[in-house]
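In our numbering, the protein residues as written are 358 to 522. Backbone N, C-alpha and C define an ideal beta-carbon position, used for all residues, glycine too.
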Amino acid sequence: MAVVGHADLSPDTLLLVESTLRARLARRPVRATALVRTGAGTPLASGRAARASGCPLTVVIPTRAGMPAMPPPRDRMATGELLTLADQVRLLTYDPASRDSCIGADERLVASSGLLLAVWDGSPSNGRDATAHLVTYARARGVPVEVLWPAGAAREAVTAIGAKG
358 MAVVGHADLS
368 PDTLLLVEST
378 LRARLARRPV
388 RATALVRTGA
398 GTPLASGRAA
408 RASGCPLTVV
418 IPTRAGMPAM
428 PPPRDRMATG
438 ELLTLADQVR
448 LLTYDPASRD
458 SCIGADERLV
468 ASSGLLLAVW
478 DGSPSNGRDA
488 TAHLVTYARA
498 RGVPVEVLWP
508 AGAAREAVTA
518 IGAKG
């Protein structure tokens, strides 16, 4: 099961997402593994939920020329925690500083999974967030999609220049 979701979830929403994912992963098919690309926010909440529910966790980390790549500063602490939670680590060539490269990595994860769990409010793609794109991508390839958006969930406000407000 690949897990993707909005990158701009509020701190309270991340707690709701973690709880919702924990309950969903506890009902997984016996052999299912949660698969996340490393990062803060939804990936970390997913990793914590997997560990709490007893679901095996595979964390995908970026590589360049066969060596692990340094994640962006905002993702470094989360990456460290995810690596301690992981049952398995998978290397994937992509640039963690490039939005397009990260979307390509997520597409590869979705294509290789049997189910997409999407933490998604149903909004269309806005050029920054790729969650709607990944849901469409999965559906076009016949990958089943479950949308998880807990009651009370919210995204953080973003100003016109892209700074969080």
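| Check | Outcome |
| --- | --- |
| Of the listed residues 365, 508, 450 and 408, nearest to residue 382 (C-alpha basis) | 408 |
| For residue 419, the three-state DSSP class (helix, strand or coil) | strand |
| Opening and closing residue of the beta strand (DSSP E) in which residue 503 lies | 502-505 |
| Option nearest residue 398 by Cα separation, candidates 418, 416 and 374 | 374 |
| Residue 518 (DSSP reduced to helix, strand or coil) | A caution first: residue 518 carries a pLDDT of 40, below 50, which makes its placement in the model unreliable, though a value can still be read off. Coil, per DSSP. |
| Integer Cβ distance of residue 446 from residue 467, believed to fall under 8 Å | About 19 Å separates the two Cβ atoms, so there is no contact after all. |
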